[in-house]
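Chains as they are written, first to last, in our numbering: chain A, 48 to 293; chain B, 48 to 293.
Printed below as a string of structure tokens:
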């Protein structure tokens with residue numbers, strides 16, 4: 048059974064300010080929650096789920112986590128999803144500050160990515176390609192937004208998502224740093240490109256002038272047809288696949 | 048001024064059945080509508096817009112289209128968007144049946160893609176890379192769904208989106224035909240691959256066995272990290288970029 052206060056508290060975590068003040072975010076769905084309790088049990092505060100969900104989890108795993116059986120009606124009240132998916136977890140939110148540049152590796156820098164779906168998809172792409180660090184401007188969408196958590200499909204727990212002062216960081220570390228631009232070097236010809244940071248610009252405005260000023264190179268995805276642009280996450284996937292190609 | 052019947056009619060076009068029976072779909076937003084009236088004026092039935100929108104359009108263009116000034120309140124009533132964008136157009140919906148395979152070119156085949164955002168993004172990617180034909184199973188999301196139209200950013204009018212019997216078509220035309228599979232040939236090594244049809248599977252279930260049986264080859268996107276899968280649209284973009292690389 049959920050108390051009124053508990054329901055109110057969970058619902059309040061829809062708001063970024065509340066999540067960060069409480070240091071708690073919400074993850075939903077069996078796939079992501081099973082991964083959480085098996086691999087990151089220490090970050091799980093509490094799991095709310097239907098009896099049918101818990102029945103599938105070995106008791107040796109269940110015994111280690113704080114969990115409570117709720118009804119479908121209760122799940123509907125606390126879920127942020129249009130179609131609630133059996134379970135919901137409260138998870139410790141760890142703010143991660145910018146870390147130094149790791150020379151010899153590829154990283155992403157997100158310059159004000161606004162769409163939660165795009166952000167989640169970019170985190171999932173980074174995880175697929177083994178990119179460990181994502182540096183994001185403070186005005187990039189919050190990776191603990193329930194829509195982002197959902198879209199990452201668990202990758203949020205494997206990629207280090209850091210928010211901070213991008214321009215200052217580029218100034219301090221001076222990494223090899225790439226932007227995409229129509230006149231940039233074709234990604235089909237990036238044979239001997241040194242690893243560095245790829246800056247992904249805002250969906251409408253692209254990379255800001257302040258960050259673009261630090262670019263040491265620019266790349267372009269060859270355009271053979273009529274579309275004016277590519278979705279930010281799609282472009283990220285294409286660029287990563289080409290720069291990582293041995 | 049909009050009549051009650053007009054509002055009701057436009058709202059009814061939210062439903063696939065209504066759209067296809069009426070042969071009419073909705074496009075929204077200045078970008079897509081300006082492109083429509085400049086380049087595809089014959090398919091535009093009527094444009095509803097705020098005075099501020101029409102003021103930006105040269106009268107020589109405006110004189111050729113059926114248009115009506117509406118208020119913000121009226122726009123809100125007919126718009127399918129959470130944040131209506133100045134204008135909305137009714138457009139002729141042309142059903143396109145499967146065409147024969149075009150030897151020597153790359154095409155896409157969509158096997159039950161369900162998410163409207165994914166479908167719109169795939170159409171936009173196809174347009175970017177100059178892919179002219181998309182064959183889709185009858186149970187793929189409707190490309191005239193307002194969310195898809197929105198996500199294509201105008202590409203819907205440049206790419207031929209056809210719905211029909213995929214399996215029968217593959218049987219008849221026997222094109223080179225590729226699926227993605229974990230054990231497929233890495234797209235980083237697809238040097239001398241013959242152009243053909245790339246089948247993009249359903250978001251959850253992948254490519255159906257019936258279509259996979261017609262594959263003449265399989266490809267994989269190298270996975271270097273932990274994510275279990277890539278978003279269908281992202282995978283489409285990555286694969287196309289590599290197979291088109293000269």
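Cβ atoms here follow ideal geometry from the backbone N, Cα and C, with glycine treated the same way.
Since the model is a prediction, treat every value here as computed from it, not as a measurement.
Closest Cα partner of residue i within the set the options
i	options	result
residue 183 of chain B	B:193, B:145, B:68	B:145
residue 198 of chain B	B:125, B:272, B:76	B:76
residue 191 of chain A	A:163, A:236, A:50, A:116	A:163
residue 222 of chain A	A:57, A:152, A:236, A:50	A:152
residue 277 of chain B	A:276, A:275, A:280	A:280
residue 179 of chain B	A:292, A:293, A:274	A:274
residue 106 of chain A	A:85, A:55, A:78	A:85
residue 78 of chain B	B:131, B:120, B:61, B:49	B:131
residue 211 of chain B	B:147, B:250, B:54, B:251	B:147
residue 61 of chain B	B:119, B:87, B:125	B:125
residue 119 of chain A	A:49, A:252, A:292, A:239	A:49
residue 231 of chain A	A:90, A:265, A:68	A:265
residue 55 of chain B	B:127, B:110, B:226	B:127
residue 293 of chain A	A:63, A:239, A:91	A:239
Cβ-based neighbour list, residue i, same chain, cut-off 6 angstroms, excluding 5 preceding and 5 following
i	result
residue 261 of chain B	217, 224
residue 65 of chain A	59
residue 166 of chain B	160, 188, 195
residue 70 of chain B	140
residue 72 of chain A	66, 138, 140, 191
residue 287 of chain A	176
residue 98 of chain B	116
residue 87 of chain A	204
residue 226 of chain A	246, 254, 259, 262, 265
residue 122 of chain A	131
residue 193 of chain A	73, 127
residue 110 of chain B	none
Whole-angstrom C-beta distance between residue j and residue i, which should lie under 8 angstroms
i	j	result
residue 206 of chain A	residue 173 of chain A	5 angstroms
residue 100 of chain B	residue 129 of chain B	The Cβ separation is near 18 angstroms, so there is no contact.
residue 297 of chain A	residue 169 of chain A	This structure leaves residue 297 of chain A out entirely; chain A is present only between 48 and 293.
residue 208 of chain A	residue 143 of chain A	7 angstroms
residue 233 of chain B	residue 267 of chain B	6 angstroms
residue 290 of chain A	residue 237 of chain A	6 angstroms
residue 314 of chain B	residue 112 of chain B	Nothing in the structure corresponds to residue 314 of chain B, since chain B is present only between 48 and 293.
residue 285 of chain B	residue 104 of chain A	Contact doesn't hold; Cβ gap of about 35 angstroms is too wide.
Within chain B, the residues that residue i reaches when beta carbons sit closer than 7 angstroms
i	result
residue 281 of chain A	168, 172, 280, 281, 284
residue 176 of chain A	271, 272
Residue i: contacting residues in chain B (beta-carbon distance under 8 angstroms)
i	result
residue 275 of chain A	200, 201
residue 106 of chain A	Near residue 106 of chain A there are no residues of chain B at all, since even the closest Cβ is about 26 angstroms away, more than 8 angstroms.
residue 164 of chain A	164
Cutoff 7 angstroms; reference residue i; Cβ partners in own chain excluding five residues on either side
i	result
residue 74 of chain B	80, 83, 136, 138, 196
residue 249 of chain A	158, 159, 160, 161
residue 149 of chain A	180
residue 213 of chain B	156, 158, 182, 184, 258
residue 108 of chain B	84, 85
Within chain B, the residues that residue i reaches when beta carbons sit closer than 9 angstroms
i	result
residue 205 of chain A	272, 273, 274
residue 154 of chain A	Within chain B, no residue comes near residue 154 of chain A; the closest Cβ sits about 13 angstroms away, beyond 9 angstroms.
residue 90 of chain A	Those within 9 angstroms of residue 90 of chain A in chain B number zero; the least Cβ separation is about 16 angstroms.
Close Cβ partners of residue i (< 8 angstroms) along its chain, the five nearest in sequence each way excluded
i	result
residue 181 of chain B	154, 155, 156, 157, 169, 170, 173, 206, 207, 208, 209
residue 114 of chain B	93, 94, 95, 96, 101
residue 52 of chain B	none
residue 269 of chain B	233, 234, 235
residue 63 of chain A	189, 191, 192
residue 252 of chain A	159
Neighbour list for residue i in chain A, Cβ cutoff strictly below 7 angstroms
i	result
residue 180 of chain B	Per Cβ cutoff of 7 angstroms: no residues; residue 180 of chain B is ~12 angstroms from chain A at best.
Interface partners of residue i on chain A, CB under 8 angstroms
i	result
residue 291 of chain B	269, 271
residue 265 of chain B	In chain order: nothing, as chain A lies at least about 17 angstroms away.
Amino acids of chain A, ordered along the chain, whose beta-carbon sits closer than 9 angstroms to that of residue i
i	result
residue 110 of chain B	In chain order: nothing, as chain A lies at least about 26 angstroms away.
residue 118 of chain B	Correct list: empty, because the minimum Cβ distance to chain A is about 26 angstroms.
Assess, as a yes-or-no matter, whether the stretch 244-252 of chain B is touched by the stretch 150-170 of chain B under the definition of 3 or more beta carbon pairs within less than 8 angstroms. In short, these stretches touch, since the Cβ pair count reaches three.
Segment contact, 8 angstroms Cβ cut-off, at least three pairs: the stretch 253-260 of chain A with the stretch 197-212 of chain B: No, they do not touch.
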